[in-house]
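2 protein chains.
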Amino acid sequence: MAKKPLPSTAYAVLGLLMPTTPMSGYEIRKAAEQLRYFYWSPAQSQIYSELRRLEALHYVSSILVSQSGKPDKRMYKITSAGQAAFTTWINTAPLDPTVVKHPMKLRLFFGDYADLDQLSQQLQSFIDTSNETLAQLYIVREYREMDPSYQWPGLIAEWSETVLEAEVKYAKSLLIRIQNNDLDSFIEE
Amino acid sequence: MAKKPLPSTAYAVLGLLMPTTPMSGYEIRKAAEQLRYFYWSPAQSQIYSELRRLEALHYVSSILVSQSGKPDKRMYKITSAGQAAFTTWINTAPLDPTVVKHPMKLRLFFGDYADLDQLSQQLQSFIDTSNETLAQLYIVREYREMDPSYQWPGLIAEWSETVLEAEVKYAKSLLIRIQNNDLDSFIEE
DNA sequence: GCCAGCATGTAAGGAGTTACATGATTAT
DNA sequence: ATAATCATGTAACTCCTTACATGCTGGC
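Chains A and B, in that order, give the protein sequences.
Note that the first sequence covers residues 1 to 189 in the working numbering.
Note that the second sequence covers residues 1001 to 1189 in the working numbering.
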């Protein structure tokens, strides 16, 4: 019986520990936040439970560090079994399909039943938050230009930027079409 | 106490019933598959449980239809309370953030620990499946050119196409860069 | 003869979230 | 003062998936 594979989230956490520097759950949680641009960010409680599972599998080991005043801190470190497991995963695990949960598109899909003014407002706020995300991605990419260990993260930031820009561009043109009540203009092109 | 909002999935199912034509769980399930391009496709068992919840809320009603030989069939129909709830949702519910689970980007993020040949192969298969998805989207969009009730679905297909094309374009250029071992070329541009 | 499609439903469990609880330190 | 950051952990719950169970019809 082939043991069932761990969810990608477990490997994402394991991957963050690959540099072998011991990290606390709290630090890992913060590091995991940058995953949100392309792989959502797990909740704090899930980070802790993934760490416990990883430890049960001997992929990570932990030690308690006493701190004056503060509660004890548990520092996690990847084991050599963990490094091996991560390498096997990244090289050989089958690629799961990309999943997108795009609430704006879901609403537009049912646009027939919506108020066009409301839809316009929602599209506008979608564009605004996308632009904010873009601004954050620019920062990641600039980081990379200085720190060579940021090669790959910088690369995926660049990729996400390119795609998000296309997203915003389309959303803007759609917004104009909705406001002009001219939804089928693209047929005529 | 404000009753907590239903998950978007419930509204997605409700929305599919908005045309007031009664549908069986099976038909709804098939219809829900087209949501996968921008909102993943719920499992069959979840469709059925959402329908039961929607019925408990009186947003849909159902009748049993006997069929010779085959097991009974339950036909669902949206109620006026359901139509009102859907309209309120689409017009006023706050827009949840877009979530992307992109396994290819997750792997590239940890590219330092991967074999470049394996990564290339994975990128190639990512490009292949993306192209297959594109082909399916073209079909949806062509559908729309004939059926005016397909306006909005056609529009989001067009949007998804535009974005996926940008995705594939970037992936292809990245693949070439990886194969040439030339990852930081974009700095020099 | 077998598989795909039609058609529904349950059981078990995994994945993931929110909310709560605790408490020190540092910055505003 | 009070909010944010550091720091961990649990309980309760929802969402969602996989797997199983059943059985007919029509095509290859």
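Every residue, glycine too, gets a C-beta built ideally from N, C-alpha and C.
Check	Outcome
Can you name the start and end residues of the alpha helix (DSSP H) that Lys1169(B) belongs to?	Gln1151 to Gln1179
Could you pull the DSSP bridge partners for Arg1074(B) from this structure?	Leu1064(B)
Report, in whole angstroms, the separation of the C-beta atoms of Ile1178(B) and Leu1116(B), which I expect to be a contact under 8 angstroms.	6 angstroms
In chain order, what residues of the same chain lie with their CB nearer than 7 angstroms to the CB of Leu1016(B), ignoring the 5 residues before and after it?	Ile1028, Ala1031 and Ala1032
Could you round the C-beta distance between Glu161(A) and Leu134(A) to whole angstroms and report it? I think they count as a contact, below 8 angstroms.	6 angstroms
Using the Cβ count rule (16 or more neighbours within 10 Å means buried), how would you classify Glu142(A)?	exposed
For Arg107(A), go through chain B and note every residue whose CB falls closer than 8 angstroms to its CB, in chain order.	Ile1090 and Leu1095
Can you pull the chain B neighbours of Gln179(A), defined as C-beta to C-beta under 9 angstroms?	Simply none; closest approach about 14 angstroms.
How big is the Cα-Cα spacing for Met1(A) and Asp1147(B)?	Only weak support exists for where Met1(A) lies, its pLDDT of 41 falling under 50; the value from the coordinates is given anyway. So the two alpha carbons sit approximately 50 angstroms from each other.
Nearest CA to the CA of Leu174(A): which residue from Tyr138(A), Gln121(A), Ser41(A) and Asn91(A)?	Gln121(A)
Against Gly1111(B), what residues of chain A qualify as contacts under a CB-to-CB distance less than 7 angstroms, listed in chain order?	Trp152
Where do the N-terminal and C-terminal ends of the alpha helix (DSSP H) with Lys30(A) fall, by residue?	Gly25 to Ala32
Using only alpha-carbon positions, find the residue among His1058(B), Val1013(B), Pro1019(B) and Thr1021(B) that is nearest to Gly1048(B).	The sequence given here has Tyr at residue 1048(B), not Gly. It is Val1013(B) whose Cα lies nearest to the Cα of Tyr1048(B).
Does any C-beta atom of chain B lie closer than 8 angstroms to the C-beta of Val60(A)?	no
In chain order, which continuous runs of the beta strand (DSSP E) of length 3 or greater are located wholly inside the region 66-137 of chain A?	73-78 and 99-101
Rounded to a whole number of angstroms, what is the C-alpha to C-alpha distance between Val100(A) and Pro1153(B)?	16 angstroms
Taking 7 angstroms as the limit between beta carbons, can you name the residues of its chain near Trp89(A), skipping five residues before and five after?	Tyr11
Assuming Val163(A) contacts Val1163(B) (C-beta within less than 8 angstroms), just tell me the rounded distance between them.	6 angstroms
Suppose you measure from the CA of Leu1183(B) to the CA of Gln1118(B); what does that come to, to the nearest Å?	16 angstroms
Between the Cα of Ser1080(B) and those of Asn1091(B), Ser1061(B) and Asp1072(B), spot the shortest distance and give me the residue it belongs to.	Ser1061(B)
Could you name the residues of chain A that Leu1174(B) contacts, counting a contact when the two beta carbons are closer than 8 angstroms?	Leu155 and Trp159
Interface residues of chain B around Leu183(A) at Cβ under 9 angstroms?	Gln1151, Trp1152 and Leu1155
Report back the beta-carbon spacing between Val1065(B) and Lys1077(B) to the nearest angstrom; my notes put them in contact at under 8 angstroms.	12 angstroms between Cβ atoms; not a contact.
Nearest chain B C-beta to Ala12(A) closer than 8 angstroms, yes or no?	yes
Per DSSP, Tyr39(A) forms a beta bridge with which residues?	Lys1101(B)
Whole angstroms is fine: what's the gap from Ala1084(B)'s alpha carbon to Asp1112(B)'s?	52 angstroms
Using a threshold of 8 angstroms, state whether the C-beta atoms of Phe126(A) and Leu1095(B) are closer than that.	yes
Check each candidate in Thr92(A), Leu54(A), Pro103(A) and Met104(A) and name the one with the smallest Cα separation from Met1104(B).	Thr92(A)
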